[in-house]
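Colleague: First the structure, which I've put down as structure tokens, then a few questions once you've had a look.
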Amino acid sequence: MKQSSSILLVCLALSGACSKVNKVEEAVTSTEKKMQEIAANSVETKIAAKETAEQTKFTYSLTTRTQMLESIMDKDSTLPIKMHSANVYFKSFEFQQIDEHTDPNLREVLYEEAVKEFTAVLLDLSSKIKLKKLTPDSAGNNELAFFALAAGIDELHHKQSEQVKKNPKHKSISFYGLVRSAFIKELKIGETMSAYEREMILTNQKDPMLDLIKARVDILTSKGLSGLTTKKKMNLGQKVKALLFKATFGRFGSIELPETYDTTDEETKKKIVEDLGGALKTRNFLREIGITKSLDGTLKSALQNIDFNEKSGPKEKSEDKRKELIRSQITDLLG
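Residue numbers (numbering that gives the first Met the number 0): 0 to 334.
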């Protein structure tokens, strides 16, 4: 039972475990600001400083990814640390820091380099995991690293948001956006694919990438569920049902977790909506490209038993719009 709930429990600590990793992002920001100050002195200095700043930025980006990947793969790092490290890892790709003035050819080069770099990481990690048997119950270090990358693949660098504010026509794109573009274009007959999109769908790389996206559905659902429930207050009956469920591979018993929605804070509730919404969008993307993704059995049973304590509580219709949205998200995920 302890192993089967590892991901649900560790997700609860996510927000408080990231201070060490944040120092890297602060160092990058500080360096970029210094380079901008240097560039203000003269025309010649501006040109030289801009080139130096770009080189420094890209050097720091690679250094950041190297450090974050080490953190993700560290056997002593918890899932919350792995997940935050994965967020920073994806935000540090060079293409995340380009703008509308970036040469289109350079833009495509950066996309392709990012895809080649990450797919190499993904292939190596995938070779150490039994992907067909991967579930949120998996507690091995490689499996947790895989789930962390699946959760963080849609992260956007803050500069992209800034670019959109300056120019609404500017389209932000995450690594997940690159994945979506490649697999959707693959289905369109006669559609011209860019170099990075062709790289993405190579035979030996396609399946691991799809397995990562499938894992994203489960890990985001798990995160959302962890915000709605707690294992700490499980009574004896709930524990027995859960043990029976695991022992019979879901044929008997059930996963019934004590619910915490009514006592949780507003930020956590917003995060629940975000996580479940992300799981739904990912599941719908998979359907769009002809892939069926069913929820893991443990997650499915737990979600089926979420009733917001209404069976034993007040019978009045809820006026809590967020609660109703979450209820709708759960229904869609189970559908």
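Cβ atoms here follow ideal geometry from the backbone N, Cα and C, with glycine treated the same way.
All figures in this text were calculated on a predicted structure; none of them were measured in a lab.
Leaving out five residues before and five after residue 295 in sequence, what residues of the same chain have Cβ atoms less than 6 Å from its Cβ?
Modeller: Looking up residue 295 in the sequence shown gives position 296. So the list reads 134, 135 and 217, once near-sequence residues are dropped.
Colleague: Let me know the secondary structure DSSP gives residue 190 once reduced to three states.
Modeller: Locating residue 190 in the sequence shown gives position 191, counting from the first residue. Reduced to three states, the DSSP call for residue 190 is coil.
Colleague: Between which two residues does the alpha helix (DSSP H) harbouring residue 84 extend?
Modeller: On the sequence shown, residue 84 is found 85 positions in, with the first residue counted as 1. Note, residue 84: alpha helix (DSSP H), 78–90.
Colleague: Excluding the 5 residues flanking residue 166 on each side, which residues of the same chain have their C-beta closer than 6 Å to its C-beta?
Modeller: Taking the sequence shown and counting its residues from 1, one reaches residue 166 at position 167. Contacts found: 99.
Colleague: Which whole-angstrom value describes the C-beta separation of residue 198 and residue 111, a residue pair presumed to lie in contact below a C-beta threshold of 8 Å?
Modeller: As a position in the sequence shown, residue 198 is number 199, starting the count at 1. As a position in the sequence shown, residue 111 is number 112, starting the count at 1. Confirmed, about 6 Å.
Colleague: So residue 158 packs on residue 66, CB below 8 Å; how close in whole Å?
Modeller: Position 159 of the sequence shown, counted from the start, is the residue given in the question as residue 158. Position 67 of the sequence shown, counted from the start, is the residue given in the question as residue 66. No, residue 158 and residue 66 are not in contact; Cβ-Cβ is about 20 Å, not under 8 Å.
Colleague: Threshold first: 4 residues or longer. Then list the alpha helix (DSSP H) segments lying entirely within the region 132–177, N to C.
Modeller: Segments of the alpha helix (DSSP H) lying fully in the region 132–177: 140–151 and 157–165.
Colleague: Look at the alpha carbon of residue 64 and the alpha carbon of residue 187, and state the distance between them as a whole number of angstroms.
Modeller: As a first step, residue 64 must be located in the sequence shown, where it is residue number 65. As a first step, residue 187 must be located in the sequence shown, where it is residue number 188. In a straight line, the C-alpha of residue 64 is about 33 Å away from that of residue 187.
Colleague: Which of the three DSSP states is assigned to residue 228 in this structure?
Modeller: Here the question's residue 228 lines up with position 229 in the sequence shown. It is a strand residue.
Colleague: Do the region 242–259 and the region 270–288 touch if we need at least three Cβ pairs shorter than 8 Å?
Modeller: Output reads no: the region 270–288 does not touch the region 242–259.
Colleague: Mapping the DSSP letters down to three states, classify residue 265 as helix, strand or coil.
Modeller: Here residue 265 refers to the residue found at position 266 of the sequence shown. Correct three-state label for residue 265: helix.
Colleague: So who's on the other strand from residue 258, going by DSSP bridges?
Modeller: Residue numbering aside, residue 258 sits at position 259 when the sequence shown is read from its first letter. In the DSSP output, where bridge partners are listed per residue, residue 258 has 228.
Colleague: Note the first and the last residue of the continuous alpha helix (DSSP H) segment covering residue 296.
Modeller: Within the sequence shown, numbered from 1, the residue matching residue 296 stands at position 297. It spans 296–303 - the alpha helix (DSSP H) in which residue 296 sits, taken as one unbroken run.
Colleague: Between the region 141–148 and the region 76–88, do at least 3 Cβ pairs fall closer than 8 Å?
Modeller: Judged by Cβ distances under 8 Å, the region 141–148 makes contact with the region 76–88, as three or more pairs qualify.
Colleague: How should residue 118 be labelled, buried or exposed, when 16 other C-beta atoms within 10 angstroms of its C-beta is the threshold for buried?
Modeller: Counted from its first residue, the sequence shown places residue 118 at position 119. Residue 118 comes out buried.
Colleague: From residue 163 to residue 185, what distance separates their C-alpha atoms?
Modeller: As a working note, residue 163 is residue 164 in the sequence shown. As a working note, residue 185 is residue 186 in the sequence shown. One C-alpha to the other measures close to 28 Å.
Colleague: Of the choices 152, 169 and 153, whose alpha-carbon is the least far from that of residue 160?
Modeller: Sequence index remark: in the sequence shown, residue 160 carries index 161 (1-based). Nearest of 152, 169 and 153 to residue 160, Cα basis: 169.
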